[in-house]
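Student: The opening residue of the sequence shown carries number 10 in the working numbering; numbering runs sequentially from there. We put the beta carbon where it would ideally sit given N, CA and C, even for glycine. All values derive from a computational prediction rather than experimental measurement.
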Amino acid sequence: MGSTDQPSGLFDVLIVGAGISGIDMAYRIKSELPNCNYAILEARDAMGGTWDLFRYPGIRSDSDLHTFGFPWRPWLEDKSIADGESIRKYINECAEKEGIACKIRYRHKVIDGNWSSVDQQWTLNVEINGQRTQYNSRFIVMCTGYYNYKEPLKAVIPGLSEFKGLVIHPQFWPEDLDYTDKKIVIIGSGATAVTLFPVLAKKAAQVTLLQRSPSYILAAPAVDKSAKFLRRYLPATFVARLMRIKFLIIPFTFYWFCQIFPRAARALLRANSRSHLPKNYSTDIHFNPKYNPWDQRLCLSPDGDFYRALHQSNADIVTDTIENITDDSIFTTSGKVLKPDIIITATGLKLQLAGGANLTVDNESISVPSKLFWKGIMLQDMPNIAFLIGYTNASWTLGADSTALLICRLLKHMEKNKLTSVVPYLSNSELSEIQIQPLFNLKSNYIEVAKDVLPKSAGRHPWHGKRNYFLDSWDAEFADLQKGLTFIKAKVQLSDHVPLANPVILTTTDTLKITLTAVEDGYAKRPHQAFLLLRDQDTGLEVAFPFTLTANGKGKVEFTPKTFPFQLKISSQPLRATLLLASFGSSQAFSNHVFNLEVKLDSQTNASINSKYEKPLRYGKREEIHHIFKPDPRSGPIVISIFFAIAVTGSLPVLLSSVRSNIVVELTSINYSQWMYLGANLLHLPKAVRAAPIAHTLFFGSILAIEFILFLYYYNWTLFQVLPVAGVISLITILSGSKALSEVQTRRLAGER
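(1) With H, G and I counted as helix, E and B as strand and the rest as coil, what does DSSP make of His-178?
(2) Please identify the residue among Tyr-290, His-117, Ile-456 whose C-alpha is closest to the C-alpha of Tyr-156.
(3) His-285 bridges to which residues according to DSSP?
(4) Is it true that the CB of Lys-299 sits closer than 8 Å to the CB of Ser-222?
(5) Any idea which residues DSSP pairs Trp-472 with across the strands?
(6) Alpha carbon to alpha carbon, how far is Gly-26 from Val-135?
(7) Relative to the C-alpha of Asp-545, which candidate in Ser-580, Ala-527, Thr-526 has its C-alpha closest?
(8) Just curious, the beta strand (DSSP E) that Met-252 is in, first and last residue?
(9) Look at the alpha carbon of Leu-186 and the alpha carbon of Thr-204, and state the distance between them as a whole number of angstroms.
(10) Mapping DSSP to helix, strand and coil, what is Arg-114?
(11) Determine contact between the stretch 152-169 and the stretch 28-39, defined as no fewer than three beta-carbon pairs at a distance below 8 Å.
(12) Can you tell me the Cα-Cα spacing of Lys-234 and Leu-85, whole angstroms?
(13) What beta strand (DSSP E) runs, 3 residues minimum, are completely inside the stretch 150-233?
(14) Tell me whether the beta-carbon of Lys-425 lies closer than 8 Å to the beta-carbon of Gln-446.
(15) Given a cut-off of 8 Å, decide if Arg-37 and Leu-414 are closer than it, judged by their beta-carbon atoms.
(16) Going by CA-CA distance only, name the one from Asp-71, Asn-101, Glu-102, Pro-80 that's closest to Tyr-88.
(17) DSSP three-state call for Asp-92: helix, strand or coil?
(18) Please report the residue range of the alpha helix (DSSP H) in which Tyr-290 lies.
(19) Output the distance between the C-alpha atoms of Phe-554 and Ile-259, rounded to the nearest integer angstrom.
(20) Would you identify the three-state DSSP class for Gly-564, choosing helix, strand or coil?
(21) Can you tell me whether Ile-456 is helix, strand or coil according to DSSP?
(22) Compute the Euclidean distance between the alpha carbons of Val-232 and Lys-163, then round it to the nearest angstrom.
(23) Comparing alpha-carbon positions, which option in Thr-406, Gln-215, Arg-418 lies nearest Asn-323?
(24) Can you look up Val-462 in the DSSP assignment and give me helix, strand or coil?
(25) Measure the C-alpha to C-alpha separation of Thr-369 and Thr-526 and round it to an integer number of angstroms.
(26) Short check: CB of Thr-342 to CB of Gly-197, under 8 Å?
(27) Determine the burial state of Ser-310: buried for a count of at least 16 other Cβ atoms within 10 Å of its Cβ, exposed for fewer.
(28) I need the straight-line Cα distance from Phe-382 to Lys-421, nearest angstrom please.
(29) Can you list, in chain order, the residues of its chain whose CB lies under 6 Å from that of Ala-485, leaving out five sequence neighbours each side?
(30) Which residue or residues does DSSP assign as beta-bridge partners of Lys-609?
(31) Alpha carbon to alpha carbon, how far is Cys-45 from Ser-125?
(32) Can you look up Phe-315 in the DSSP assignment and give me helix, strand or coil?
(33) Take the Cβ of Trp-81 as the centre, count every other Cβ of all protein chains shown within 10 Å, and call the residue buried at 16 or more, exposed below.
(34) Please work out which residues of its chain come closer than 7 Å, Cβ to Cβ, to Pro-161, disregarding the five sequence neighbours upstream and downstream, and give them in chain order.
(35) Count the other CB atoms, across all protein chains shown, that sit within 10 Å of the CB of Leu-665; report buried if there are 16 or more and exposed otherwise.
(36) If you count every other CB in all the chains shown that lies within 10 Å of the CB of Thr-401, and 16 or more means buried, which is it?
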């Protein structure tokens, strides 16, 4: 039995939806977080979700129950493919035995919800038997599936409204409908149509499946023979575990076989169809899909019941498009005329998120289609809310359970670290690098129609949708919970006259957010200036963080340790935080100490800072002037000056030896020390200067000027002062030197020594 109690205080977790996902989520919370205060809100008056809503003839799973069932309570029945009634009974039994049923609050429809950053909680407006009430919770888990319970996908069929017979959508099947000896046309080719077709053919006078394009339909045994055999010799629960492993691996392998080898998979599936069809049946028309296997969901036919129906004279398929429908007939484009008593529009589901509830953050709407899913679980920029979405290419429950485990791990992480909220966050720079993709990777019509209402995913970790059970199970156990998520610690109310008793702790990855409400004489007032000053009590260094202010006196500021000067990061004392408010025309500013801030860096960041700085520098008034910068022991000017001094003094012996060699021993081996390439010597210098006085004067003067610049660089010039002057003088040296040396070369070639 469930409950219809009114809300009782603040819940830790509220689960919305009591279908197979909601029951699984409740079990995981119960087992992983035994002290968690939770409840389940169910809009309808019974649990079961899809399996209680859909009541059309033959309703069954299109996945095996070994993986569709709960991993914590194995499916023990003989049939691998079970009917809706058996699944509904199974869900109810599991909820009762695990003590989950008493947590369900029936006829509780969530209309809308708002997250309050101030209160760090969700407020849900819930309708109970026509009355509105509110539920508050720290965390919300949406287990509402992905389609609209109240409204099916509208089929755009010309003339359908003119039809005088019965028009039925399987989602709302009339309980008292008697279709015995009726002529029925099923419009559609998906899983629902494939399920209905063989069941209706047992009693109806004629059943026609009218499809625009064919689907892949795989005939598979309803009862696994290997499981039946093993149960004779092994415990049933052990066999169930073996079957779960088997049905995890085989469908997974076949899916990827279809993805990698689509032509071979297509041939295999068409061969499967031909083997079950009547002889000479037109497979090229009715069983020849235009897409590759698993571009749309594969349909399942237990024991080939769909194909067996085609062996009957009252069941057939028409592959064509509808041109028009009149009061008693369906006219196809190729000229066929069908005269049904009942039309069933099995054309798909209308997709939606969160059961249609309108969700806001701080009373601001969220554009769901523009947001990305974090690991297919949480929506970008929406704090403390998760969505249980299963797989479209495998059993739904596999994906839901891996999600439930990851949510529990996330909640335990938050509890352990005293975090109050978590929000998936993506910066604009990261967003620009991501390739946006649809949430579901199928090309079914009802999914294509919903692309503009569903959130998106990306082909990059962690902003992807559901992938496969093995990868998602790994994530549930070992995923990095920091990547793509922003955590917020407990919120504290600051006083305007008494500082907090304990310091606020800020770690490397934390963000400190402060909101301000300025009031004067009972009325909101916008201050002209508002700052939070952080002061290092050891060094006196102060850093100001300005508030972003609005006209109604509201303001906010946020920062991380990354924005601090290094002296604040390695301060030995907690930083003193002072709130400063000032307005023009006010006699006195508000300046009060509000809290102390203790920065705790991780070891890697700490080591990086300490390797660069020996100790924090001192700021503020002191009686003596203390040098802040220390000279670099590897002084560039000294090295350069020594080098040039050696070059100048080293040239003197060469020049002197050149003079001596020309006086004493001409044309001997000592001549090598002369001006080797020009053949010049100091004795020749007076003649050369007289021949080109300006060039030689500029040449020798610029050399002396360069030496003088090097002296200034060593004494007090900076490198940026030296470079432009040295550049100009070097140009003069090159031009004048070329002229002077050319004159020397000319005289040497003329034989003038």
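Tutor: On the basis of the supplied data:
(1) coil
(2) Ile-456
(3) His-285 pairs with nothing; no bridge assigned.
(4) yes
(5) DSSP, once it has assigned bridges, lists no residue as partnering Trp-472.
(6) 13 Å
(7) Ser-580
(8) That residue, Met-252, is in no beta strand (DSSP E); its alpha helix (DSSP H) goes 245-269.
(9) 17 Å
(10) strand
(11) yes
(12) 14 Å
(13) 175-177, 192-196, 215-220, 226-229
(14) no
(15) yes
(16) According to the sequence displayed, residue 88 carries Lys and not Tyr. Among Asp-71, Asn-101, Glu-102, Pro-80, the Cα nearest to that of Lys-88 is on Asp-71.
(17) strand
(18) Premise fails: Tyr-290 is in no alpha helix (DSSP H) and is neither H nor E.
(19) 59 Å
(20) strand
(21) helix
(22) 36 Å
(23) Gln-215
(24) coil
(25) 22 Å
(26) no
(27) buried
(28) 21 Å
(29) Ser-411, Leu-414, Leu-415
(30) Thr-516
(31) 21 Å
(32) helix
(33) exposed
(34) His-178, Gln-180, Leu-358, Lys-359
(35) Note that Leu-665 scores a pLDDT of 46, beneath 50, so its modelled location is shaky; the value from the coordinates is reported in the next line. Leu-665 comes out exposed.
(36) buried
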